[in-house]
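First residue of the sequence shown: 0, per numbering that gives the first Met the number 0; consecutive thereafter.
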Amino acid sequence: MAETSETRYRVGGMDCASCATKIDTAVRRVAGVADVSVSVMAGTMTVRHDGSSDLKAIEKKVTGLGYSVAPLAGNAAPAHAHSSQHRHDHGHDHRDHAGHDHDHAVHDHEGRDHAGHKHDHVSHDHDHSHDDGEKEIEGLHGHDHAPMAGPWWQSRKGRLTILSGAALVAAYAVGHLVPAIASYAFIVAMLIGLVPIARRAVMAALSGTPFSIEMLMTIAAVGAVIINAGEEAATVVFLFLVGELLEGVAAGKARESIQSLTALVPKTALLEDNGQTREVPAESLSVGAIIMVRPGDRISADGIILSGESAIDEAPVTGESTPVRKGVDAVAFAGTVNGDAVLRVRVTAAAADNTIARVVKLVEEAQESKAPTERFIDRFSRYYTPGVVVVAALVAVVPPVLFAGPWGEWVYKGLAILLIGCPCALVISTPAAIAASLSSGARRGLLMKGGAVLETLGKVTMVAFDKTGTLTEGKPQVTDIISFGLREAQVLSRAAVLEQGSSHPLALAILNRAKADGVPVPPAFELEALPGKGVSGKVGGETVDLLSPPAARERGALTAKQDVLITALNDEGKSVSVLLINGVAAGLIAMRDEPRADAQAGLAMLKSAGVKAMMLTGDNKRTAAAVAGVLGIDWRGEMMPEDKQRVVGELKRQGFVVAKVGDGINDAPALAAADIGIAMGGGTDVALETADAAVLHGRVGDVARMIELSKRTMRNILQNITIALGLKAVFLVTTIAGMTGLWPAILADTGATVLVTINALRLLRIKI
0 MAETSETRYR VGGMDCASCA TKIDTAVRRV AGVADVSVSV MAGTMTVRHD
50 GSSDLKAIEK KVTGLGYSVA PLAGNAAPAH AHSSQHRHDH GHDHRDHAGH
100 DHDHAVHDHE GRDHAGHKHD HVSHDHDHSH DDGEKEIEGL HGHDHAPMAG
150 PWWQSRKGRL TILSGAALVA AYAVGHLVPA IASYAFIVAM LIGLVPIARR
200 AVMAALSGTP FSIEMLMTIA AVGAVIINAG EEAATVVFLF LVGELLEGVA
250 AGKARESIQS LTALVPKTAL LEDNGQTREV PAESLSVGAI IMVRPGDRIS
300 ADGIILSGES AIDEAPVTGE STPVRKGVDA VAFAGTVNGD AVLRVRVTAA
350 AADNTIARVV KLVEEAQESK APTERFIDRF SRYYTPGVVV VAALVAVVPP
400 VLFAGPWGEW VYKGLAILLI GCPCALVIST PAAIAASLSS GARRGLLMKG
450 GAVLETLGKV TMVAFDKTGT LTEGKPQVTD IISFGLREAQ VLSRAAVLEQ
500 GSSHPLALAI LNRAKADGVP VPPAFELEAL PGKGVSGKVG GETVDLLSPP
550 AARERGALTA KQDVLITALN DEGKSVSVLL INGVAAGLIA MRDEPRADAQ
600 AGLAMLKSAG VKAMMLTGDN KRTAAAVAGV LGIDWRGEMM PEDKQRVVGE
650 LKRQGFVVAK VGDGINDAPA LAAADIGIAM GGGTDVALET ADAAVLHGRV
700 GDVARMIELS KRTMRNILQN ITIALGLKAV FLVTTIAGMT GLWPAILADT
750 GATVLVTINA LRLLRIKI
């Protein structure tokens, strides 16, 4: 297989879907280019090429169309090694962007200082050989692709719109004062706005996009002048520029919603160095560095807490309103706010790799992969626009030629139909909604790798959950303390004494319970591990043993009644330890991996959404039945990874659309086999880099929220398509009937695009 490389670019100034189409078409024509993915909302382009491509030629193509372009860092790693790694076998088109070949590519040179601005400010600082040409073209084009970081009227696009409007007003004034030259005044006013538009139309046509909105606009405006409708031509050009300005503002808002996440990470950190602390730039922190975080400060890097215990406000990253208490060995995320105590944190990820940077990168990359609906609309618009041109030509020519209709009237109607036919609103209807939805989900810790995943999630009818660490906490907890003659606290205290220093999960459960109950844990003497049986020692002159039930039976320490009690606890899926004091049973301690606090509520949310749930676990059937009984869920126990994969296949054959939720490691085969694999509970790295989607906060209810977000998005897309096509259909009929002309036609186009974008942006504000 030929080696392919992947290069990512930041593209400045795209504000509608036709921008992306023009760039896509132009770059595909460069020799050696295998694939191009452009995201309007993220302002990025990924080019896959065979290494022979002239990257400067690619950049020149993009700047020739009037956009700024800058390569992102960490580019051009061979992509062949993983090109099918995560595609699974269910036909999703999320192009293996799990971060492998550009894992530290993203915001290390420009992504951290733009606080959500459109960050096209990388466009002219770099030393490209074509800068002069780029500046020359940019001065002419009206689809201004310069940053809109400040107020809209300070952008070049804003200034051109104001100039065009002023020229139009001046033309009206001149026409009123000197009627003889009115038509010339309107032609001059029109040309001020039209020259940049026509320039772009020609560049797009030469790059393979002859039917661009700019070309339709140019033909309509020139045609209007020819049939002596100069006043309307000038007005339509002005309205077109206003519409584009509004589109740019709306696209900027959508882009900011994603990029504003990066503004959460502070720019500086307090680095510990030889016992002293000094302030350093956050992006200079290396893995292993130790930073100090004062109360009230934002944590400047992902890391592990070395000392201190504090309530950390994770709302900026996770959406959780309640601060989370964290102490030594807990994981702290960049961008979260330290509450009430000084923390020392060991950095575990460089700035470009921290959770927020990776989430932003993941969302941007996800937007470059198209959803099925989006691919269909792209294909549809490829035939739709030329079709509109043909219809417009027929409307202009047929009535005068065949039915002796007035040429002026029918050419005018044909020109209006040209403007109505622009597919901008239709083409952006899907990506705008998907971008807003992906961004909205990311803010709540719901990560979805692309439009195909987002679309499929809404169709899920069965969710298969792993048990340990997904439906349950993933670590055992003491559930029952049964004493024979002693107080419960005494049983717990003696058991904890024996387990001191052990890291076994059952031992930790006993120690955690003793700490939580405030039980004294005196020192033990002559501690001895009994392999496969338990532990023994001397406490205050007594010989104390903590044994498994079989080991206690061997010693003849259990009565028949106590045996029945142990069996009953085992039937509930609990592990039991027996405490002996001087050889006599003094108590039982039962432990179990308990369901997460939110598991029942989360499963209820799925049920109310009409989605079935099932638990697949490798645990023994008694434990599985006990946990499933508490949760009220179907289950399969004693399953190896290949068994889970087989069950997922069976469910699909039964007609279910299956989502598999697991920790992304031992569940990998089942995650791959499912229609959607959702990683949860396995830590951020696994969550971000495996499966199709990830739940960062390990809440069972988030799976239902993800499905609900998908359904809302699909409804939003349907509304957008209805708005886009509905407005065009209405104005098409009214134009042919002679009720509306060029002005309403351009309003129908730009108005529909703005309405569709605003409707999509509603997804950013939804509460799920």
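By construction, the Cβ of each residue, glycine as well, lies at the ideal position given by its N, Cα and C atoms.
These figures come from a predicted structure and were not determined experimentally.
Just curious, the beta strand (DSSP E) that residue i is in, first and last residue?
| i | result |
| --- | --- |
| G533 | G533 to V538 |
| W634 | D633 to R635 |
| Y171 | No beta strand (DSSP E) holds Y171; the alpha helix (DSSP H) holding it covers R155 to L176. |
| A435 | Counting along the chain, A435 falls outside any beta strand (DSSP E), though it belongs to the alpha helix (DSSP H) covering C423 to R442. |
| Y8 | S4 to G11 |
| T784 | The shown model of the chain, from 0 to 767, leaves out residue 784, and the question about it has no answer. |
| I480 | T471 to S482 |
| E593 | V583 to P594 |
| L445 | L445 to M447 |
| K325 | V323 to K325 |
| P70 | S67 to P70 |
| A542 | In the sequence on display, residue 542 carries Thr and not Ala. Its beta strand (DSSP E) spans residues E541 to L546. |
Can residue i and residue j be called in contact, C-beta distance under 7 angstroms?
| i | j | result |
| --- | --- | --- |
| V32 | A19 | no |
| D691 | K458 | no |
| L456 | I675 | yes |
| A166 | A188 | yes |
| P594 | T478 | no |
| I745 | L238 | yes |
| G768 | H696 | Because residue 768 is not part of the residues shown, which for the chain are 0 to 767, the question remains open. |
| F730 | I419 | yes |
| G11 | S67 | yes |
What are the boundary residues of the alpha helix (DSSP H) that residue i is part of?
| i | result |
| --- | --- |
| K659 | Looking at the DSSP string, K659 is not in any alpha helix (DSSP H); the run it does join, the beta strand (DSSP E), is V657 to G661. |
| E282 | Per DSSP, E282 belongs to no alpha helix (DSSP H) and is neither H nor E. |
| D642 | P640 to R652 |
| P504 | P504 to D516 |
| T185 | With the sequence shown as reference, residue 185 is identified as Phe, and Thr is not the correct amino acid for it. That run of the alpha helix (DSSP H) goes A181 to L205. |
| M614 | No alpha helix (DSSP H) contains M614, which is instead part of the beta strand (DSSP E) from K611 to L615. |
| T749 | L741 to L760 |
| D562 | A559 to D570 |
| D34 | That residue, D34, is in no alpha helix (DSSP H); its beta strand (DSSP E) goes V32 to S38. |
| F524 | Taken as a continuous stretch (DSSP letters only), F524 belongs to no alpha helix (DSSP H), being part of the beta strand (DSSP E) at F524 to L529. |
Measure from the alpha carbon of residue i to the alpha carbon of each residue in the options, then state which is nearest.
| i | options | result |
| --- | --- | --- |
| A348 | A233, F379, R761 and A281 | A281 |
| A370 | V327, I433 and F524 | I433 |
| T45 | A30, A197 and A69 | A69 |
| M679 | V660, A672 and S482 | V660 |
| Q476 | A513, S482, A463 and E454 | A513 |
| V490 | I419, P521 and V394 | P521 |
| T599 | A585, G586 and M614 | Correcting the residue type first, residue 599 is Gln in the shown sequence and not Thr. Taking only the C-alpha atoms, the option nearest Q599 is M614. |
| L263 | I735, S299, V292 and A228 | S299 |
| E5 | D701, G11, P422 and T43 | T43 |
| A197 | D296, G295, L64 and I161 | L64 |
| G326 | G334, A556 and L305 | L305 |
Label residue i either buried or exposed according to how many other C-beta atoms from any shown protein chain fall within 10 Å of its C-beta, with 16 as the threshold for buried.
| i | result |
| --- | --- |
| E278 | exposed |
| T769 | The requested residue 769 is not part of the displayed model; the chain covers only 0 to 767. |
| V647 | buried |
| E230 | buried |
| F655 | buried |
| P743 | buried |
| A728 | exposed |
| E553 | exposed |
| D312 | buried |
| K55 | exposed |
| F524 | exposed |
| T712 | buried |
| Y411 | buried |
Using beta carbons (cut-off 7 angstroms, strictly below), is residue i in contact with chain C?
| i | result |
| --- | --- |
| E243 | Checking the listed chains, one finds no chain C in this structure; it contains a single protein chain. |
Any heavy atom of the ligand COA closer than 6 angstroms to the beta-carbon of residue i?
| i | result |
| --- | --- |
| A392 | The ligand content of the structure shown is nil, which means the ligand COA is not present either. |
- prompt: Do the stretch 20 to 31 and the stretch 199 to 208 touch if we need at least three Cβ pairs shorter than 8 angstroms?
  reply: yes
- prompt: Would you call the stretch 626 to 633 and the stretch 546 to 555 touching, i.e. three or more CB-CB distances under 8 angstroms?
  reply: no
message: Can you confirm whether the stretch 723 to 730 touches the stretch 412 to 432 when touching is taken to mean that 3 or more C-beta pairs between the two stretches lie within less than 8 angstroms?
response: yes
message: Under 8 angstroms: do the stretch 612 to 625 and the stretch 564 to 576 share three or more Cβ pairs, one atom per stretch?
response: yes
query: Do the stretch 601 to 612 and the stretch 582 to 592 make contact, defined as three or more Cβ pairs closer than 8 angstroms?
result: no
query: Quick one: any contact between the stretch 158 to 178 and the stretch 221 to 236, if contact means 3 or more CB pairs under 8 angstroms?
result: Because the criterion of three Cβ pairs below 8 angstroms is met, the stretch 158 to 178 and the stretch 221 to 236 touch.
Meets three-Cβ-pair contact criterion under 8 angstroms: the stretch 370 to 389 and the stretch 207 to 222: yes
message: Would you call the stretch 737 to 751 in contact with the stretch 405 to 422, where contact means no fewer than 3 C-beta pairs closer than 8 angstroms?
response: yes
message: Whether or not the stretch 636 to 647 and the stretch 497 to 509 are in contact is what I'm after, with contact meaning three or more pairs of Cβ atoms, one per stretch, closer than 8 angstroms; do they touch?
response: no
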